[in-house]
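Number of protein chains: 2
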Amino acid sequence: MQHETANWEAAREEFIAQWGALGSNWGINRTMAQIHALLMTAPESMYTDEIMQRLHISRGNANTNLRELVGWGLIRLVVKKGERREYFEAEKDVWKMFLTIAKERKRRELDPALGVLKGCAEQTKNEGAGPGRDFHNQMKELQEFVEFGMKVSDTVSSMKHASALQWAMRLLG
Amino acid sequence: MQHETANWEAAREEFIAQWGALGSNWGINRTMAQIHALLMTAPESMYTDEIMQRLHISRGNANTNLRELVGWGLIRLVVKKGERREYFEAEKDVWKMFLTIAKERKRRELDPALGVLKGCAEQTKNEGAGPGRDFHNQMKELQEFVEFGMKVSDTVSSMKHASALQWAMRLLG
DNA sequence: TCTTACTTTCAGATACTTCTGAAAGTTCGT
DNA sequence: ACGAACTTTCAGAAGTATCTGAAAGTAAGA
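Listed in order, the protein sequences are those of chains A and B.
The first sequence begins at 1 in this note's numbering and counts up one residue at a time.
The second sequence begins at 1001 in this note's numbering and counts up one residue at a time.
Here it is as structure tokens:
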């Protein structure tokens, strides 16, 4: 076979496209998700121009989203000796990927929510009986729940893959 | 005191505004989050016009987002006997709220992802050694991880609040 | 059947997000 | 110090999501 455009590439194409679409439901932008999918399945690290061509996106777009992915910790920059340009490669270990995403989502979703709840609870701590008290209690309950969730998340995050699996097996078994 | 605009209302106002802003990070639209916050902290059930006035939103907007919240299962419609109009009230139990959201997010985020992964794995199951095989293995790994996560989520979801707490205490302790 | 009290819909307006491409910036080798 | 190779920035264009308000729809009671 002359130019073996391997047929796994078809599946890969599909994966990239679909993953991008899913990104939207996830609150992640499409291009970012596509770049991530592309790099996750890349046998070798890639540089900006390759990524632009492969996904038909502009330089600015590629650059912005690559930086953002580096910010999330989902991809890293690699410099090859003797080469000027920057290459990128994705973390491929599923557990590590999960931890990275979990940590970031906690930071973005839980931390600010906790702040609001604490503030509202504090502000109403002297309410007597009635609706004011009910409101205070509700804020407290929410606050405790979120704090509890964060603790669970931290515990799981500090586990090695193996021990997390073991723990989960016990839960499911 | 003549017209006791209770001061917990100030905290409530804050809660509604902030919760709305947070909704965005969460992939939920601002109005929907605000209506939810309003109803969560309402001493009594409310009807559309009250909600419109309180949040300064249009009838169309209120109606759409109320329906959507009912769809999520986060609020429910209540009919009062002898009254024509529909009232709404939110689920206030934190654990139930959590379960509802977890279930919905699973359905929206995990289920479609799993479909994509299965498809890609299937399509490449006959790849020999090399990049094709690597791709296949990666899809498989992701698939198994997601399936595993879903199982954990299902298990937790089927728990009563008390037993979930107990289980979590064991994990943290 | 008609009126009244409500709910739903949807076309167009507004606001927000993302993308492009060209220009400016940076860094390295000579 | 200069030019080549690369990266970053950003103003405006394009694309999406959300909201409004008025009109249409529905249902109950007289």
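Beta carbons: idealized from backbone N, C-alpha and C, even for Gly.
Note that this is a predicted model, so its numbers are computed, not measured.
If you look at Arg107(A), you'll find it isn't in any alpha helix (DSSP H); DSSP assigns it neither H nor E.
Contacts with chain A at 8 Å (Cβ-Cβ) do not include Asn1063(B).
By the Cβ test, the stretch 20-33 of chain A is in contact with the stretch 49-69 of chain A, since at least three Cβ pairs between them sit closer than 8 Å. At a cut-off of 8 Å between beta carbons, Glu50(A) makes no contact with chain B. In the DSSP secondary-structure assignment, Phe1015(B) is not bridged to any residue. For Ala90(A), no alpha helix (DSSP H) run applies; the uninterrupted beta strand (DSSP E) run containing it begins and ends at 86-90, by DSSP. For Arg1108(B), the neighbours in chain A by C-beta distance under 7 Å run, in chain order, Asn25. Chain-ordered, the chain B residues with CB closer than 7 Å to the CB of Gln18(A) read Val1116. Nearest to Leu165(A) by alpha-carbon distance, out of Glu1014(B), Arg1105(B), Ala1062(B), Phe1148(B), is Phe1148(B). As the crow flies, the alpha-carbon of Asn1061(B) is around 26 Å from that of Leu22(A). For Gln1138(B), the chain A residues whose Cβ falls inside 8 Å of its Cβ are Met40, Thr41, Lys92, in order along the chain. A straight-line Cα-Cα distance of about 29 Å links Gly1073(B) and Lys1118(B).
For Leu1022(B), the closest Cβ of chain A is nearer than 8 Å. It is roughly 31 Å from the alpha-carbon of Asn1126(B) to the alpha-carbon of Arg76(A). At a cut-off of 8 Å between beta carbons, Arg1054(B) makes no contact with chain A.
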